[in-house]
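Under this note's numbering, the final residue of the sequence shown carries the number 357; numbering is consecutive throughout.
Just below is one structure, and these are the notes that go with it.
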Amino acid sequence: MFRRRLKAETDTKDNASSRSVRAEDRELREIGGSALSDTNSGQIPGTTLEHELTELYLATASQLYRYGLLLTRNGSLAQDAVQETFLKYYAQLKRGEVRDARAWLFRALRNYIFDCQKSVGTKMSVGLDAVRAHPDDQSPEIAFERSEAMRLALDILSPREIQCIQLRTEGFTYKEIADILDIDSGTVGALLSRSSDKIRKAFGKELLPCKALSKTC
């Protein structure tokens with residue numbers, strides 16, 4: 141029932157690649173209760189599961205979509221990946237607790253996209269659209285600075301370096317990024333440091349947010 145309801149919600153969108161994730165959040169707030177109430181299991185009370193899934197979706201859907209868009213440059217695929225990721229999360233939740241739900245979701249989304257692209261013989265890529273419109277931006281100036289920095293970064297950084305920057309900007313720790321990308325924490329630090337060096341050498345200044353490059357910011 142959860143799969144059918146969630147699939148129906150996605151199918152009603154006229155243009156998946158152009159609809160904002162904020163609109164999806166509003167839709168889920170309106171129908172989330174009825175859509176998730178059917179996911180009751182013998183292990184977890186329905187009201188508890190409903191609350192957890194709804195709150196987790198509202199807290200992470202926009203971030204997951206941006207990350208999916210960063211990897212695919214395809215709004216429809218990114219949106220499908222978010223949907224499939226939450227379905228997998230629900231199945232995992234029925235089997236037992238997820239220790240770090242947010243990191244689990246990002247890792248599962250990345251793996252899903254990787255599998256999709258591998259099946260059609262394409263490589264994971266990174267795109268500017270994922271960071272051009274960030275819902276958390278507090279002003280047009282901040283939005284422009286971020287998109288400009290990422291536009292420049294795409295020309296000189298590797299896909300993995302850009303993924304590290306994006307995940308760090310989303311607030312993940314080095315360890316969480318390492319878990320998502322299946323690398324060790326030291327490699328995360330090295331990738332971020334190398335990214336910073338490349339940016340400074342190419343443009344004569346640091347264009348990326350302190351939060352993306354520092355363990356303390």
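Beta carbons are placed, not taken as given, at the ideal position from N, Cα and C, and that holds for glycine.
query                                                                                                                                                         : result
So what's F126 in DSSP terms, helix, strand or just coil?                                                                                                     : The displayed coordinates of the chain run from 141 to 357. Any statement about residue 126 would go beyond what the structure contains.
Which residues mark the beginning and the end of the alpha helix (DSSP H) in which I323 is found?                                                             : Segment: none, I323 is in no alpha helix (DSSP H) and carries neither H nor E.
Indicate whether R239 and I320 have their beta-carbon atoms separated by less than 8 Å.                                                                       : no
Put L297 into one of helix, strand or coil per three-state DSSP.                                                                                              : coil
Once DSSP output is grouped into helix, strand and coil, what is the label at V238?                                                                           : coil
When the distance is taken between beta carbons, is L297 closer than 8 Å to S335?                                                                             : yes
My assumption, with CB atoms under 8 Å, is that L294 sits in contact with I302. Please give the rounded CB distance.                                          : 7 Å
Does DSSP put N251 in a helix, a strand or coil?                                                                                                              : helix
Assign G329 to one of three DSSP states: helix, strand, or coil.                                                                                              : helix
Give the DSSP-derived three-state secondary structure of L208 in the structure shown.                                                                         : One detail in the question is off: residue 208 reads as Gly in this sequence, not Leu. Helix, per DSSP.
Return helix, strand or coil for R334, following the three-state DSSP convention.                                                                             : helix
If you draw a straight line from the C-alpha of I339 to the C-alpha of G311, how long is it?                                                                  : 21 Å
Hey, is F312's beta-carbon within less than 8 Å of any beta-carbon in chain C?                                                                                : Here chain C cannot be found, since the structure has a single protein chain.
Are the beta-carbon atoms of T212 and A218 separated by less than 8 Å?                                                                                        : yes
Expressed to the nearest angstrom, what Euclidean distance is found between the alpha-carbon atoms of I244 and L196?                                          : It should be pointed out that residue 244 corresponds to Trp in this sequence rather than to Ile. Going from the Cα of W244 to the Cα of L196 covers about 12 Å.
For I317, which residues of its own chain have a beta-carbon under 7 Å away from its beta-carbon, when the five flanking residues on both sides are left out? : C304, L307, R308 and V328
Consult DSSP for R340 and reduce its assignment to one of helix, strand or coil.                                                                              : helix
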